[in-house]
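Inspection log for the structure reproduced underneath, given as structure tokens.
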Amino acid sequence: MKLEAFYTHLFQFDREETRGDYLLVKIVELVMLYQVFMYAWSWAAYMPLLSEVILPLGVANYLDVTFMFQPAFAYANAVLITVFMLIGFFNKWRFSYMVALLFFHLHYVSRYSQGEISHGSNLTAMVLLSFALAAIFFQDKSVRRKVTFGFILFFAGLGYVSAGMSKLIGGGIFWSDGAHMYLWMGERSIDRLSQDGFFEFNLLQELMFEHYWLSTLILTFGLLVELSGFLLWFKKARWIQATLLISMHIGILLTMNIYFGPYIYILLIIGYPWNDWVDRWLEKKPHSELNTMIDRRIYA
5 MKLEAFYTHL
15 FQFDREETRG
25 DYLLVKIVEL
35 VMLYQVFMYA
45 WSWAAYMPLL
55 SEVILPLGVA
65 NYLDVTFMFQ
75 PAFAYANAVL
85 ITVFMLIGFF
95 NKWRFSYMVA
105 LLFFHLHYVS
115 RYSQGEISHG
125 SNLTAMVLLS
135 FALAAIFFQD
145 KSVRRKVTFG
155 FILFFAGLGY
165 VSAGMSKLIG
175 GGIFWSDGAH
185 MYLWMGERSI
195 DRLSQDGFFE
205 FNLLQELMFE
215 HYWLSTLILT
225 FGLLVELSGF
235 LLWFKKARWI
245 QATLLISMHI
255 GILLTMNIYF
265 GPYIYILLII
275 GYPWNDWVDR
285 WLEKKPHSEL
295 NTMIDRRIYA
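The sequence shown runs contiguously to residue 304 in our numbering.
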């Protein structure tokens, strides 16, 4: 019964879909659409600069992806991703998001085949996977939207917990030692220096170099926040956990100069009860065109 209650709590099967619920899922879908397009076309522009695979990832372990380094194939794959994403967005074929995800994976392993692995697109891909799975396995559109949002919350929480566990497995209980932060900030400064030709540490970074305890505290905060990612699964704690995760990503930007913008945007949407707030606002405008438009989409 406890597991059943967890499913009900995560997927909200115990309540009728509201206008706010519908809008929230559609906004997440629009943000995902934009992010996938952004990655697809920026990666397509970068891949022709590559010549060989140094670190094979995913399907690249079984398929020679060097053909993707030719402009024609790189841009053709970006076109395929775009087309199938649009087909999925307009609900023209239930398998389209999954096909787009497969092409997106090929794009990713081709772009990041040089020994550097990017995590910036992972949450975007997990959101796409959530939409793809729900579209394949559920016919009812209302149930599909509930399952999609539940999957997003589940995979996001699981992803953060996995990231925290990986740090403990790789670095042990002393992973959050402030000395590690000194090493990582130094490495990032070299990266930025080689990329931009100049680099200066900001005030927070200088304070961390001066105060070992501050570096340790910030790393410990980040580790604990990741390990508590499962709190995204529970509505009452969700906004608190989302706020902590957004704070962590801002901290990563300030200390490591790594910007996880796509993560922050998705967390801002899924982490707060926008659906409840929208419902309250729409209740005050019962005869608005927006109400009519949403109802038409929900009951289509």
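Note that CB positions come from ideal geometry on N, CA and C, so glycine has one too.
Beta-carbon gap between residue i and residue j smaller than 8 Å
i	j	result
PHE108	ALA44	yes
VAL57	ILE85	no
PHE71	PRO52	no
LEU197	VAL229	no
GLY154	PHE15	yes
LEU67	LEU105	no
ARG149	ASP25	yes
THR259	GLN199	no
ILE262	ILE268	no
GLU21	SER146	yes
ALA136	TYR101	yes
THR152	ALA129	no
TYR216	ALA246	no
GLY161	PHE99	no
ASP283	ARG115	no
ILE121	LEU61	yes
GLY182	LEU236	no
LEU187	GLY119	no
GLY163	LEU127	yes
Classification of residue i by the beta-carbon crowding that lies within 10 angstroms, buried from 16 upward
i	result
SER219	buried
ALA241	exposed
GLY201	exposed
PHE178	exposed
MET185	buried
THR12	exposed
PHE159	buried
GLU8	exposed
PHE264	buried
HIS123	exposed
ASN279	buried
LEU271	buried
LEU157	buried
MET36	buried
SER117	buried
ALA78	buried
MET212	buried
HIS253	buried
TRP281	exposed
LEU207	exposed
ILE298	buried
ASN65	exposed
GLY226	buried
Cβ shell of residue i (< 7 Å), same chain only, five flanking positions each side left out
i	result
MET5	Only weak support exists for where MET5 lies, its pLDDT of 45 falling under 50; the coordinates are left without a value.
SER97	The identity of residue 97 in the sequence shown is Trp, whereas the question assumes Ser. Within the same chain, TRP97 has close Cβ partners ILE91.
ALA167	GLU230
SER55	PHE73
TRP47	HIS111 and ARG115
VAL29	ARG149, THR152 and PHE153
LYS288	none
Where the alpha helix (DSSP H) containing residue i begins and where it ends
i	result
MET297	293–302
TYR79	75–93
THR247	239–260
VAL57	Counting along the chain, VAL57 falls outside any alpha helix (DSSP H), and DSSP gives it neither H nor E.
PRO277	No alpha helix (DSSP H) holds PRO277; DSSP gives it neither H nor E.
ARG115	100–115
MET212	207–214
GLU191	182–200
GLN39	23–50
THR128	126–141
ARG148	145–175
Cβ-based neighbour list, residue i, same chain, cut-off 6 Å, excluding 5 preceding and 5 following
i	result
VAL32	ILE273
ASN295	LEU286
Other residues of its chain near residue i: CB distance less than 8 Å, five sequence neighbours each side excluded
i	result
SER125	GLN39, TYR43, TYR112 and PRO266
SER251	VAL229
MET169	LEU231
PHE205	MET189, SER193 and PHE213
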